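Chains as they are written, first to last, in the working numbering: chain A, 45 to 361; chain B, 19 to 458. For each residue, glycine too, the CB sits at the ideal point set by N, CA and C. Just so we're clear, the structure is a prediction, and the values are computed from it rather than from any experiment. The next block holds one structure in the form of structure tokens; read it before the comments.
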Amino acid sequence: MTELKKISSSPHVRHEDSTTGIMLDVIIALLPAAIMGIYNFGISAFILILVCIASCVASEWAFQYFMKRRVTISDCSAIVTGLLLALNLPASLPWWMAVLGSVFAIVLVKQLFGGIGQNFMNPALAARCFLLLSFAKPMTTFVYDAVTTATPLAVLKAGGQVDVLRMFMGSTAGTIGETSAAALLIGGAYLLFRRVIDIRIPAAYIGTFTICIAIYAMASGRGLDIAFITAHLCGGGLMLGAIFMATDYVTSPITAKGRLIYGVLLGLLTFILRSPWNPATAAEGVSYSILCGNLLVPVIERFTAPKAFGKGAEKHE
Amino acid sequence: MRLLTFQGGIHPYEGKELTMEKPIEIYLPKGDMVYPLSQHIGAPAKPLVKKGDSVLAGQRIAEAGGFVSAHIHASVSGTVKAIEPRLTAGGNKVNSIVIENDGKFDTVDFEANVKPWEELSREEILALIQDAGIVGMGGAGFPTHVKLSPKHVDQIDYIIVNGSECEPYLTSDYRRMLEEPEKLIQGLTIVLKLFPNASGIIAIEDNKPKALKLLKEKTEGMERITVHSMKTKYPEGAERQLIYANTGRYINSSMLPADAGCIVHNVDTVVAICEAVCYGIPLIDRIVTVTGDAVANPVNYKVLLGTNMQELIDATGGFPGKEPEKIVAGGPMMGKALFSTDVPIVKGSSAILCMLEDEAAMYEPSNCIRCGRCVAVCPGRVNPSRLAKLAEHGKLEDFVNEDGMECCECGCCSYVCPAKRHLTQTIAATRKSILANRKK
């Protein structure tokens with residue numbers, strides 16, 4: 045016996061997936077939407093994305109460095125937060141507001157509660173709502189093709205007609221990342237393929253919302269208006285929210301059953317916030333729904349705790 | 019047919035290709051033999067020999083210290099050198115009988131008292147199994163005669179032979195099934211004789227098609243024995259999951275398999291029963307897989323119990339390249355890491371796994387990101403991330419209320435955790451301390 049070997053308690057092998065790897069997958073999945081955003085809204089969108097990512101990473105580093113904590117920017121989660129925040133902002137937003145939002149997301153929402161995994165709200169969404177409340181005008185002014193335009197949902201609300209195909213491809217007004225349902229679906233497919241996200245949340249969310257809006261369409265005398273329903277599905281950040289924000293691990297339930305309930309709840313909330321008897325246009329209905337949902341996660345988890353294997357089993361006598 | 023399985027589980031790298039096609043080789047030890055007096059659950063055995071005594075292979079050198087205990091037999095001929103505490107694979111020192119091997123391998127007359135097993139009564143068969151010192155050879159080491167003596171004999175419906183061998187790298191049971199299927203079937207037939215209402219199941223994962231085919235052929239026409247094909251997934255062979263997959267019955271931590279009308283045996287154990295009852299041979303050897311990327315020639319050895327692990331590693335050609343970072347007794351999921359290989363093979367040693375890299379030490383744990391993978395894979399259907407948090411915060415009451423004691427420590431949660439948290443380790447340590455406090 046020459047030397048003592050390393051010991052530790054079992055198991056002695058690990059799966060190769062890591063937190064960093066998962067974050068990189070999310071970034072890859074967001075690229076189509078980001079590229080479509082830059083294509084649609086031009087260089088200002090590109091700059092805003094860079095500003096958000098840089099200020100998120102910088103504020104995470106600064107907070108951890110000055111608080112003498114382990115610096116964890118290499119896990120790439122701050123990049124995800126920055127990218128998600130940028131995709132939730134109008135391209136015309138002044139850069140300093142974006143910086144403010146980034147600092148709010150990272151420092152107040154994430155780090156003050158203990159850093160990655162500890163925040164009870166989605167940092168990017170909380171920052172978006174913070175900016176909405178603070179700077180209502182620039183946050184709801186959407187410029188498309190150098191012209192200030194109403195978002196498709198606002199047009200719908202006012203009784204107008206929208207071009208569903210353009211909405212699906214993304215050439216309409218809106219925040220940088222929310223307009224192209226096609227790009228978002230590609231990203232979602234990638235995340236599902238890589239098994240990063242659980243299909244339960246987006247499926248339950250979009251499914252519930254679709255049923256509600258279809259019932260509404262019938263009840264309001266439109267009949268089963270496919271164009272109307274599709275417009276609602278593609279507009280207002282529903283895809284971005286359902287695929288990328290509602291599936292945020294930290295702020296969604298950990299149990300399979302809980303995820304279904306959470307998705308259904310988000311679908312209902314979004315429908316209520318978007319519904320015609322809500323006087324506001326509620327372009328941010330999705331954001332508010334998910335934030336409300338975040339707060340209910342502990343309750344949902346409590347009632348959907350898994351039942352242990354063999355619990356209640358009876359002895360064969 | 020739908021493959022039998024359970025909910026949850028993982029698919030780690032199997033590593034079985036290293037030794038799957040390698041026939042069992044017999045290894046005859048040269049060095050001293052060490053027999054720990056406690057290699058089973060229950061009271062330690064009491065030595066029957068003293069220093070200086072000469073012994074024969076197969077001679078009983080220690081007798082059971084109670085009903086829940088097991089005899090120990092010498093596996094070589096030679097002289098008792100010492101009875102002293104020796105290091106075991108568990109990491110602690112256990113009082114052991116050390117025998118200087120004379121290299122002759124003279125045995126006692128095994129066949130002296132052998133009678134045709136068909137003529138034996140239930141009590142006689144159980145006595146033969148007890149006399150042979152047989153314990154569960156999957157690792158836990160529960161004395162087999164105790165397992166075969168449940169309260170209500172007529173209420174046992176299934177005898178399940180666990181041929182799943184779901185731990186990566188292990189191929190000892192597989193080779194046993196391929197090379198000695200008759201003994202396995204014979205052993206199971208003997209056990210079935212003890213339980214008039216039971217049917218026998220040989221459950222094998224579908225990554226061992228040859229074993230499945232062979233045993234199906236050999237058991238054709240046998241009314242009481244069926245061969246089940248199970249999905250290849252870890253931990254398919256965990257007792258509770260195995261019972262569920264094969265019978266649809268649930269048991270929990272407060273039940274024994276017999277409470278659900280089931281008895282589960284390891285492949286090697288069933289073969290040992292056959293050898294004891296039909297040939298009078300006590301438990302003195304077992305199959306051990308010596309494998310891993312550090313080993314020159316991975317092999318399946320038939321090893322005499324008491325053989326030194328380092329001697330066994332050297333016999334395979336040692337480590338030609340880099341020294342391994344970690345050596346594990348057993349498989350990578352539930353095996354025990356060895357800080358020294360100067361320990362003996364015991365009744366529950368299924369493998370020696372020599373790994374060039376220690377994956378467990380490669381990553382530093384970070385915050386839980388609540389991805390839910392541990393919950394999804396947990397075969398015990400608990401919430402490992404939450405239990406580990408409760409354990410870290412010392413909330414033992416909540417830990418018990420949220421079914422922390424139902425954890426079977428299979429390791430799936432730690433395996434999948436992307437934050438590389440030591441979930442299994444934290445939960446296992448807490449369970450241990452709670453159980454220890456209950457005994458006080």
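Between the C-alpha atoms of residue i and residue j, what's the straight-line distance to the nearest angstrom?
i	j	result
B:D172	B:S139	16 angstroms
B:E141	A:F237	58 angstroms
A:V191	A:L131	20 angstroms
B:P397	A:L175	44 angstroms
B:G353	A:I66	29 angstroms
A:C262	A:G285	A small fix is needed here, since residue 262 of chain A is Met in this sequence, not Cys. Approximately 25 angstroms between the Cα atoms of the pair.
A:E60	B:G429	15 angstroms
B:M380	B:A409	24 angstroms
A:M183	A:T274	25 angstroms
B:N401	A:V330	29 angstroms
A:S52	B:A447	12 angstroms
A:M45	B:T359	In this prediction, A:M45 has a pLDDT of 45, which is less than 50 and means its spatial position is unreliable; what the coordinates show is noted afterwards. Cα to Cα, A:M45 sits roughly 7 angstroms from B:T359.
B:V22	B:Y176	In the sequence under discussion, the amino acid at residue 22 of chain B is Leu, which differs from the Val named in the question. So the alpha carbons of these two residues sit roughly 16 angstroms apart.
B:Q204	A:K359	30 angstroms
B:V179	B:P30	23 angstroms
B:A406	A:F272	48 angstroms
B:S247	B:N326	36 angstroms
B:E343	B:R193	28 angstroms
A:G265	A:G86	40 angstroms
B:V361	B:S114	11 angstroms
Looking at the strands, I want to know which residues DSSP matches up with residue i.
i	result
A:Y293	Answer is none; A:Y293 lacks a bridge partner.
B:I219	B:I178 and B:T244
B:E81	B:K64
B:V306	B:Y319
B:M373	B:K344
B:K354	B:A347
B:R104	B:V112
B:V280	The displayed chain sequence assigns Cys, not Val, to residue 280 of chain B. According to DSSP, which records beta bridges pairwise, B:C280 is partnered with B:Y176.
A:T192	A:V187
Measure from the alpha carbon of residue i to the alpha carbon of each residue in the options, then state which is nearest.
i	options	result
A:A171	A:T254, A:V143 and A:A198	A:V143
A:S178	A:L277, A:L137, A:W105 and A:G356	A:L137
A:A102	A:G126, A:F90 and A:H56	A:G126
A:L197	A:D189, A:G231, A:A247 and A:M211	A:M211
B:S451	B:C435, B:S432, B:E415 and B:S114	B:E415
B:G339	B:L323, B:L322, B:G324 and B:G310	B:G310
B:G84	B:P161, B:P214 and B:C425	B:P161
A:A364	A:I72, A:S319, A:C256 and A:A248	There is no way to answer for residue 364 of chain A, as the model of chain A reaches only from 45 to 361.
B:I152	B:D376, B:Q57 and B:E375	B:Q57
B:V282	B:Y53, B:A61 and B:M155	B:M155
B:F213	B:P168, B:T189, B:Y252 and B:N225	B:P168
Check whether chain B comes within 8 angstroms of residue i, counting only Cβ atoms and requiring the distance to be less than that.
i	result
A:R58	yes
A:L133	no
A:T125	no
A:L340	no
A:D61	yes
Determine, for residue i, whether the minimum Cβ-Cβ distance to residues of chain A falls below 8 angstroms.
i	result
B:E420	yes
B:M327	no
B:S403	yes
B:Q57	no
B:Y434	Note that residue 434 of chain B is Val in the sequence shown here, rather than Tyr. Output row for B:V434: interface = yes.
B:P30	yes
B:N225	no
B:Y319	no
B:A379	yes
B:D376	yes
Is residue i near the ligand MN, going by C-beta to nearest heavy atom under 7 angstroms?
i	result
B:C389	The ligand MN is not part of the structure shown, which contains no ligands of any sort.
Check whether the Cβ of residue i lies closer than 8 angstroms to any Cβ atom in chain E.
i	result
B:E410	Judged by its chain identifiers, the structure shown contains no chain E, and its protein chains are A and B.
Against chain A, which members of the region 383-399 of chain B pass a CB distance test of less than 9 angstroms? For the region 383-399 of chain B, the set of positions with a beta-carbon nearer than 9 angstroms to some beta-carbon of chain A reads S384, N385, C386, I387, R388, C389, G390, R391, C392, V393, A394, C396, P397, G398 and R399 in chain order.
Going along the region 138-163 of chain A in order, which residues come within less than 9 angstroms of chain B, judged by CB to CB distance? If the cut-off is 9 angstroms between Cβ atoms, the region 138-163 of chain A has G158, G159, I160, G161 and Q162 near chain B.
Interface residues of the region 228-255 of chain A facing chain B [CB-CB below 8 angstroms]: For the region 228-255 of chain A, residues whose beta-carbon sits nearer than 8 angstroms to a beta-carbon of chain B comprise D242.
Closer than 9 angstroms between beta carbons: that is the criterion. Which residues of the region 336-369 of chain B meet it against chain A? The region 336-369 of chain B vs chain A, Cβ under 9 angstroms: E341, P342, E343, K344, I345, V346, G348, G349, P350, M351, M352, G353, K354, A355, L356, F357, S358, T359 and D360.
Residues in the region 87-105 of chain A having any Cβ partner in chain B nearer than 8 angstroms: Correct list: empty, as no residue qualifies.
The region 345-359 of chain A: positions lying closer than 7 angstroms to chain B by Cβ: Residues A349, P350, K351, A352, F353, G354, K355, A357 and K359.
Output, in sequence order along the chain, the residues in the region 91-113 of chain B whose CB is closer than 8 angstroms to any CB in chain A. Cβ contacts with chain A come from G109.
Taking beta-carbon pairs under 7 angstroms, can you tell me which members of the region 263-296 of chain B lie near chain A? Of all residues in the region 263-296 of chain B, Y268, I269, N270, M273, D277, A278 and G279 have a Cβ within less than 7 angstroms of some Cβ in chain A.
Listed in chain order, which residues of the region 285-296 of chain A have Cβ atoms closer than 7 angstroms to some Cβ of chain B? For the region 285-296 of chain A, the set of residues with a beta-carbon nearer than 7 angstroms to any beta-carbon of chain B comprises Y293 and V294, in chain order.
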